[in-house]
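Just so we're aligned: 396 in full-length UniProt numbering is position 396 of the sequence shown, and the numbers increase by one with no gaps anywhere.
Note that CB positions come from ideal geometry on N, CA and C, so glycine has one too.
Here's the structure we're looking at; comments come further down.
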Amino acid sequence: MAEDAAPSPAAGPIGHTVIPIVNKLQDIFAQLGSSSTIDLPQVAVVGSQSSGKSSVLEALVGRDFLPRGSDICTRRPLVLQLVHRPRRTDAAEGGEEWGEFLHLNGQKFFDFSEIRREIQAETEREAGGNKGVSDKQIRLKIFSPNVLNITLVDLPGITKVPVGDQPSDIEARIRTMILSYIKHKTCIILAVSPANADLANSDALQMARIADPDGSRTIGVITKLDIMDRGTDARNFLLGNVIPLRLGYVGIVNRSQQDINLNRSIKDALAFEENFFRKQPAYHGLSHCCGVPQLAKKLNQILVQHIKNVLPGLKSRINAQLVAVAKEHAAYGDVAESKAGMGVKLLNILTKYCEAFSSVVEGKNEELSTDELSGGARIHYIFQSIFVKSLEEVDPCEDVTDEDIRMAIQNATGPKSALFVPEVPFDVLVRRQISRLLDPSLQCAKFIYDELIKMSHRCLASELQRFPVLRKSMDEVVGSFLREGLQPAETMITHIIEMEMDYINTSHPNFVGGSKAVEVAQQQVKSARLAALAPKAKDGVDSDKLQASAKSIKSRAIIAKSGANGVVPDHHQDARIVGDSDRPGSSGSTTGSSWVSSIFGVSEDRPSLKEVPVNKPYGMLVHNVETSLSMIQLREPPLILKPSENQTEQEALEIAITKLLLKSYYDIVRKNIEDSVPKAIMHFL
Numbered sequence: 001m002a003e004d005a006a007p008s009p010a011a012g013p014i015g016h017t018v019i020p021i022v023n024k025l026q027d028i029f030a031q032l033g034s035s036s037t038i039d040l041p042q043v044a045v046v047g048s049q050s051s052g053k054s055s056v057l058e059a060l061v062g063r064d065f066l067p068r069g070s071d072i073c074t075r076r077p078l079v080l081q082l083v084h085r086p087r088r089t090d091a092a093e094g095g096e097e098w099g100e101f102l103h104l105n106g107q108k109f110f111d112f113s114e115i116r117r118e119i120q121a122e123t124e125r126e127a128g129g130n131k132g133v134s135d136k137q138i139r140l141k142i143f144s145p146n147v148l149n150i151t152l153v154d155l156p157g158i159t160k161v162p163v164g165d166q167p168s169d170i171e172a173r174i175r176t177m178i179l180s181y182i183k184h185k186t187c188i189i190l191a192v193s194p195a196n197a198d199l200a201n202s203d204a205l206q207m208a209r210i211a212d213p214d215g216s217r218t219i220g221v222i223t224k225l226d227i228m229d230r231g232t233d234a235r236n237f238l239l240g241n242v243i244p245l246r247l248g249y250v251g252i253v254n255r256s257q258q259d260i261n262l263n264r265s266i267k268d269a270l271a272f273e274e275n276f277f278r279k280q281p282a283y284h285g286l287s288h289c290c291g292v293p294q295l296a297k298k299l300n301q302i303l304v305q306h307i308k309n310v311l312p313g314l315k316s317r318i319n320a321q322l323v324a325v326a327k328e329h330a331a332y333g334d335v336a337e338s339k340a341g342m343g344v345k346l347l348n349i350l351t352k353y354c355e356a357f358s359s360v361v362e363g364k365n366e367e368l369s370t371d372e373l374s375g376g377a378r379i380h381y382i383f384q385s386i387f388v389k390s391l392e393e394v395d396p397c398e399d400v401t402d403e404d405i406r407m408a409i410q411n412a413t414g415p416k417s418a419l420f421v422p423e424v425p426f427d428v429l430v431r432r433q434i435s436r437l438l439d440p441s442l443q444c445a446k447f448i449y450d451e452l453i454k455m456s457h458r459c460l461a462s463e464l465q466r467f468p469v470l471r472k473s474m475d476e477v478v479g480s481f482l483r484e485g486l487q488p489a490e491t492m493i494t495h496i497i498e499m500e501m502d503y504i505n506t507s508h509p510n511f512v513g514g515s516k517a518v519e520v521a522q523q524q525v526k527s528a529r530l531a532a533l534a535p536k537a538k539d540g541v542d543s544d545k546l547q548a549s550a551k552s553i554k555s556r557a558i559i560a561k562s563g564a565n566g567v568v569p570d571h572h573q574d575a576r577i578v579g580d581s582d583r584p585g586s587s588g589s590t591t592g593s594s595w596v597s598s599i600f601g602v603s604e605d606r607p608s609l610k611e612v613p614v615n616k617p618y619g620m621l622v623h624n625v626e627t628s629l630s631m632i633q634l635r636e637p638p639l640i641l642k643p644s645e646n647q648t649e650q651e652a653l654e655i656a657i658t659k660l661l662l663k664s665y666y667d668i669v670r671k672n673i674e675d676s677v678p679k680a681i682m683h684f685l
């Protein structure tokens, strides 16, 4: 096998130049805990549990070094890097082959039984001693003159029923682990299937078809040909008549567990395999796809072609990474060894940082962006397009209704009606609207603070990458410095708002005067009245005339009737008092009694004027009427009092005047805030 598996002259240069370099990169990425961006050629052995996967690997390597047994043996992915070394004539016996583990850097294992024990011990350290499975790799490197320069991966076998400490979803976990390796285009799949099972039920071929649907990088390996049922053979399997594969199949004979227990060497196993195929007539004419030497030869040819296909892309990716790393290395600059040189370096960095920060804020940065606003332009946008525009869109009467103003005016007049519009409602309402400007002003200061923090992070980002501690310290110092400026800025903004609230300057030249406000308010009220009456002007003429004539006739009748009986009419209430003509027995007695009862709430069970006997004296009758009139009861006022729903013309005028004064003074304060707040922020920040 050693002679057949030896790399050909054409494969030697490729294996000696590319694969060891990529293996070193894989070792580095494995130690850093990050995934490699370079997918190197490797062979992944896939199959169900106890299908002979480890035996195939050992046959390819030519040494017995993997854990074996009837139970699950491979419980962690074993990344096996094979490094070809030329044979030395002066080397001691066994000194040409050794193994090295990545987790035991620098330690060489010349005894391959020690390698097996270390694999078992490392597996138990990570996966436990009770058949547990882990996806953490074991990386083993074997140096030998009898191997190819290639990376092999021995993956855990696919199992169905969990045993020991295995989780209930052990099958799904193992399948996911296998797919993470074989999904890469640079991975060649060795699908191992036992010959004593139906090939259509092969888990290995099923997984290979998922990752490699066209079968362009899958090699079928049929093991245990010597233990098939008598009278059966695997000829149709090897010829691809059952499940065809583009790379074909190879049949091998594994060492039995008894051979392993008796320490039967791989060399003897290869001789037994050759004798087996020679004696079986079914495999005559299939020498090209029978035996481990043929598998090694086939794998060698496929690997050489595979490496040739992968090499251009691999080289371009390596060169691109080298250029990026070289550029990053050049950005770090020279290393300052002396303390004086370190001080000068630090001073230069701080000076450049301050200059860069000022340039970004002032818009003098050399790297001006043409895609978006940056630096000081963002600050100007926040001031003008966000802060000022938001204040201008606010209506000072938005949350103040006419009823609120009306209520405030009536509360300010006290127990008597006001002759003029009171000032107290205006003062209260305008202070409440000015206080609304505090929150957006403080938000504007916070926005500017956040922008300055972002600018500080972008300054000298590439230069400070080589000094992460200095970068962190500078961010803390700059952040603390800006916070120290933010606090007095917020205090100043609060004072500006409070100053505007504490003194309402009605003498401001831009403030609308009292007479001007009254004039404008009268025009607004008049326009509103005309607009409300316009639709009714045409349709309501006749009805209004009829209602007016009816009211005049009714009022004249009441006045005439009351005047005839010597009762003085009261213009403040719609009421009539019974006179001499409404005595009992007259035609108006019933109407007068019901009218008095409805107005003053006289009870029905009281004797009415109609029930008074006719023969009673007139003085007694007048006394009874006076007694009934003196029993007037007022209803108690409710807990919450509100004015009547209908506004008078005077109230509408007062509301309009108050709203005009409120809007006029709010505009003055808003302009002052729009000018003062950005100045305070720029001064302190």
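Taken through DSSP and simplified to helix, strand or coil, P167 comes out as coil. With the rule of 3 Cβ pairs closer than 8 Å, the stretch 40 to 49 does not count as touching the stretch 101 to 111. For the pair A489 and F684, the CB atoms are nearer than the 7 Å cut-off.
Using a 10 angstroms sphere on the CB of G313, the tally of other CB atoms stays under 16, which defines it as exposed. Distances from the CA of N672 to each of S359, N505, N646 were compared; the closest alpha carbon is that of N505. For a cut-off of 8 Å, the C-beta gap from L437 to L391 is around 7 Å, short enough to register as a contact. Under the three-state reduction of DSSP output, C290 falls in the strand class. Under the Cβ criterion (8 Å, minimum of three pairs), the stretch 485 to 502 counts as touching the stretch 443 to 451.
If you look at F143, you'll find it in the beta strand (DSSP E) that goes 138 to 144.
For Q384, the number of other beta carbons within 10 angstroms of its own is below 16, and it is reported as exposed. By the C-beta density criterion, F110 is exposed, having fewer than 16 other C-beta atoms within 10 angstroms.
Distance from I493 to L442 at the Cβ level is roughly 6 Å; contact confirmed, criterion being Cβ atoms closer than 8 Å. If you look at C459, you'll find it isn't in any alpha helix (DSSP H); DSSP assigns it neither H nor E.
With a beta-carbon spacing of about 4 Å, A208 and A191 fall inside the 8 Å limit used to define contacts. Bounds of the beta strand (DSSP E) holding E100 are 98 to 101. In this structure the stretch 127 to 141 does not touch the stretch 181 to 191; the number of beta carbon pairs closer than 8 Å is below three.
Annotated three-state conformation of C444 is helix, per DSSP. Counting only the Cα atoms, Y249 lies some 27 Å from I142.
Around the beta carbon of V56, a 10 Å sphere encloses 16 or more other beta carbons of the protein chains shown; the residue is thus reported as buried. Put simply, of S193, I243, I178 the residue whose alpha carbon is nearest the alpha carbon of V221 is S193.
Exclusion of the five residues before and after D259 leaves A269 as the residues of its chain whose Cβ lies within less than 7 Å of its Cβ. Close CB contacts of K642 within its chain, under the 7 Å cut and outside five residues either way in sequence, are absent. Following the DSSP letters along the chain, one finds T74 in no beta strand (DSSP E), marked with neither H nor E. The C-beta of N365 has 16 or more other C-beta atoms within 10 Å across all chains shown, which makes the residue buried.
Taking every protein chain shown into account, the CB of E476 has fewer than 16 other CB atoms within 10 angstroms, so this residue is exposed. In this structure, V253 is the residue among R406, V253, H508, R87 with its C-alpha nearest to the C-alpha of L60. Boundaries of the alpha helix (DSSP H) around L350: 339 to 362. In this structure the stretch 233 to 249 touches the stretch 282 to 298; the number of beta carbon pairs closer than 8 Å is three or more.
Of the candidates R117, T176, V161, Q166, Q166 places its Cα closest to the Cα of A127. Per DSSP, the beta-bridge partners of A44 are V153, I189. Between the alpha carbons of R466 and L322 lies a gap of roughly 18 Å. Per the DSSP secondary-structure output, F109 pairs in a beta bridge with G99. Beta-carbon to beta-carbon, E100 and R85 are separated by about 13 Å, too far to satisfy the 8 Å threshold. Less than 7 Å separates the beta-carbon of V430 from that of L662.
Distance between S180 and S54, taken at the CA atoms: about 20 Å.
Taking a C-beta distance under 7 Å as the contact criterion, L155 and P77 qualify as a contact pair.
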